[in-house]
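Student: Please see the structure below; I have some questions.
Number of protein chains: 2
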Amino acid sequence: MTRAPGAGAPTIRLLLADDHPVVRAGLRAVLDAEPDFEIVAEAATAEAAVEAAAAQGPEGVDVVLMDLQFGPGMHGAAATAAITAREDAPRVLVLTTYDTDADILAAVEAGAAGYLLKDAPPEELAAAVRTAASGRSALAPAVANRLMDRMRTPGEALSRRELEVLRLVKDGLSNQRISKELFLSQATVKSHLVHIYAKLGVDSRTAAVAAATSRGLIRDRP
Amino acid sequence: MTRAPGAGAPTIRLLLADDHPVVRAGLRAVLDAEPDFEIVAEAATAEAAVEAAAAQGPEGVDVVLMDLQFGPGMHGAAATAAITAREDAPRVLVLTTYDTDADILAAVEAGAAGYLLKDAPPEELAAAVRTAASGRSALAPAVANRLMDRMRTPGEALSRRELEVLRLVKDGLSNQRISKELFLSQATVKSHLVHIYAKLGVDSRTAAVAAATSRGLIRDRP
DNA sequence: CCGGCGCTCAACCTTTCGGTTGACGTTCGG
DNA sequence: CCGAACGTCAACCGAAAGGTTGAGCGCCGG
Chain A
1 MTRAPGAGAP
11 TIRLLLADDH
21 PVVRAGLRAV
31 LDAEPDFEIV
41 AEAATAEAAV
51 EAAAAQGPEG
61 VDVVLMDLQF
71 GPGMHGAAAT
81 AAITAREDAP
91 RVLVLTTYDT
101 DADILAAVEA
111 GAAGYLLKDA
121 PPEELAAAVR
131 TAASGRSALA
141 PAVANRLMDR
151 MRTPGEALSR
161 RELEVLRLVK
171 DGLSNQRISK
181 ELFLSQATVK
191 SHLVHIYAKL
201 GVDSRTAAVA
211 AATSRGLIRD
221 RP
Chain B
1 MTRAPGAGAP
11 TIRLLLADDH
21 PVVRAGLRAV
31 LDAEPDFEIV
41 AEAATAEAAV
51 EAAAAQGPEG
61 VDVVLMDLQF
71 GPGMHGAAAT
81 AAITAREDAP
91 RVLVLTTYDT
101 DADILAAVEA
111 GAAGYLLKDA
121 PPEELAAAVR
131 TAASGRSALA
141 PAVANRLMDR
151 MRTPGEALSR
161 RELEVLRLVK
171 DGLSNQRISK
181 ELFLSQATVK
191 SHLVHIYAKL
201 GVDSRTAAVA
211 AATSRGLIRD
221 RP
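First to last, the sequence lines map onto chains A and B.
If you count the first sequence from 1, position 100 lands on 100 in full-length UniProt numbering, and the numbers rise without skipping.
If you count the second sequence from 1, position 130 lands on 130 in full-length UniProt numbering, and the numbers rise without skipping.
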């Protein structure tokens with residue numbers, strides 16, 4: 001936080017990691033307007049972001065603005081984990097379009113210092129960067145609410161195994177195929193499904209997929 | 001196309017319609033660099049875009065850069081239809097993140113002059129704007145390929161009714177609930193499903209949803 | 001004008017799924 | 001140390017979904 005000298009307003013060095021040129025240009029335009037921000041690098045891939053974030057000394061990065069969805073290759077969450085694993089690592093602020101449970105938890109577990117949505121107004125963005133640079137956590141209100149909901153209703157949380165089954169169900173596999181995929185008996189798969197239905201308040205596999213998708217427990221693409 | 005005077009490089013007036021302030025700033029930064037572009041307005045909602053695109057005379061808009069996904073309220077495709085329905089309407093260039101069949105077809109049917117993906121490089125963006133302003137169509141390569149695929153395999157295209165059924169299946173409804181929803185008998189619903197399975201090459205409702213989603217025939221959110 | 005396609009429905013059968021009950025071992029925290 | 005939660009499996013039954021055959025209607029285009 002105090003890599004740069006200067007008394008009242010230490011400069012915050014930023015790295016922008018997003019695969020969309022337009023978004024990078026937008027972030028640059030928005031954040032360059034802040035006098036205490038300095039954008040020292042951009043990265044169009046998660047791999048490039050990991051590399052760029054490793055710079056030390058006077059070229060070091062204070063805060064990384066990290067998208068989660070890159071095209072092919074490494075995912076933003078993996079890049080976040082790689083960056084924060086190092087010592088004296090910069091803070092990583094995740095900036096993405098979606099606010100699903102899966103994404104948020106993955107980012108938080110990867111060591112993200114904050115989670116913002118791309119529809120955030122510029123002021124909120126700048127405030128979050130300063131919050132992250134100061135070592136505190138920055139969560140968008142919508143994200144914070146979702147985390148609170150999750151805390152409040154722990155019974156509804158699907159277990160690891162149940163999520164695994166549900167993902168295969170979402171991919172269109174039958175119980176028999178799932179049992180082979182996970183080296184289980186069909187009875188076990190059905191048992192998991194019954195528990196899933198109870199937790200989600202539904203009574204069929206398709207409804208479970210719909211409910212889990214709308215609640216952000218699972219994602220469609222990966 | 002010749003609203004503005006000037007011989008060699010007539011100015012192209014642009015309207016940016018996107019609900020993300022960062023994206024608007026990025027588009028502005030990228031497009032303001034082009035000497036023959038002038039951004040005359042921005043809109044954060046689809047409704048505002050329809051209104052702003054209605055300006056006539058010297059304040060008129062030549063090309064609208066339209067996002068498809070706005071938060072609540074009107075959809076970008078609906079706004080595109082509303083804008084292009086008028087006489088002497090500006091060209092609408094759809095600029096979105098996804099390249100699903102459903103989105104592309106909706107945009108083309110709404111009268112869009114082009115379809116670009118947000119990960120396009122700035123040069124491609126500027127070129128598409130000029131193409132659209134000149135009255136021609138501008139399709140991103142990925143989008144064009146998808147349309148070609150669709151032309152090549154017309155047998156796989158789901159009918160209107162089949163898509164309607166499939167959407168309800170995706171929402172987790174049983175055949176009985178679907179039949180009531182659409183005022184059909186269960187026999188008809190099953191008949192549609194059999195045809196859907198054949199066209200998609202699957203053999204269950206969940207697999208049909210998975211296949212249709214991955215091919216972009218249906219979308220998760222709306 | 002007729003063939004094809006989409007939409008509708010019925011009857012029947014097989015397979016899968018949904019739901020229950022009951023059971024056993026493990027792991028973790030009070 | 002023991003209950004709670006998770007994960008595993010079996011047997012069973014009714015309900016739903018998958019699959020087939022067959023058939024009637026309306027519309028569009030060759």
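C-beta: ideal position from N, C-alpha, C; glycine also.
As the structure is a prediction and not an experimental result, all values here were calculated from the model.
#1: Verify whether the separation of the beta carbon atoms of ALA113 (chain B) and LEU93 (chain B) is less than 8 Å.
#2: Give a yes or no on whether the C-beta atoms belonging to ARG91 (chain B) and ALA133 (chain B) are separated by under 8 Å.
#3: Give the single residue among B:ALA82, B:GLY216, B:THR206 and B:ILE39 whose Cα lies nearest to the Cα of VAL61 (chain B).
#4: Count the other C-beta atoms from every protein chain shown that fall within 10 angstroms of the C-beta of THR2 (chain A), then say buried if there are 16 or more, exposed otherwise.
#5: Would you list the residues sitting across from ALA13 (chain A) in a DSSP beta bridge?
#6: Work out the CA separation of ARG28 (chain A) and THR11 (chain B) for me, nearest whole Å.
#7: Could you tell me the boundaries of the alpha helix (DSSP H) in which GLY114 (chain B) lies?
#8: Just to confirm, is the Cβ distance from LEU14 (chain A) to VAL50 (chain A) under 8 Å?
#9: What residues of chain B sit near LYS170 (chain A), judged by a beta carbon separation below 7 Å?
#10: Which residues share a DSSP beta bridge with VAL63 (chain B)?
#11: Since THR206 (chain B) meets chain A, which of its residues come closer than 9 Å, beta carbon to beta carbon?
#12: Report buried or exposed for ALA128 (chain A), applying the criterion of at least 16 other Cβ atoms within 10 angstroms of its Cβ.
#13: Note down, in chain order, every chain A residue with its Cβ under 9 Å from the Cβ of VAL202 (chain B).
#14: Report the partner residues of LEU139 (chain B) according to the DSSP bridge assignment.
#15: Anything in chain A within Cβ reach of VAL30 (chain B), meaning under 8 Å, just list it in chain order.
#16: Would you verify that the beta carbon of LYS180 (chain B) is, or is not, closer than 8 Å to some beta carbon of chain A?
#17: Does DSSP classify THR96 (chain A) as helix, strand or coil?
#18: Which stretch, first to last residue, makes up the alpha helix (DSSP H) that contains ASP103 (chain A)?
#19: Thinking THR80 (chain A) and VAL209 (chain B) are a contact (beta carbons under 8 Å), I'd like their distance in whole angstroms, please.
Tutor: Taking the structure as given:
#1: yes
#2: yes
#3: B:ILE39
#4: Reliability of the predicted coordinates at THR2 (chain A) is poor, the pLDDT of 44 falling under 50, and the value obtained from them is presented with this limitation in mind. With fewer than 16 Cβ atoms within 10 Å of its Cβ, THR2 (chain A) is classed as exposed.
#5: Here residue 13 (chain A) turns out to be Arg, not Ala, going by the sequence shown. Answer is A:GLU38.
#6: 26 Å
#7: From DSSP, GLY114 (chain B) is part of no alpha helix (DSSP H) but of the beta strand (DSSP E) over 114-117.
#8: no
#9: ALA210
#10: B:LEU14 and B:ARG91
#11: VAL169, LYS170, ASP171, GLY172, LEU173, SER174, ARG205, THR206 and VAL209
#12: buried
#13: GLY172
#14: B:TYR115
#15: PRO21, VAL22 and ALA25
#16: no
#17: strand
#18: 101-109
#19: Contact doesn't hold; Cβ gap of about 31 Å is too wide.
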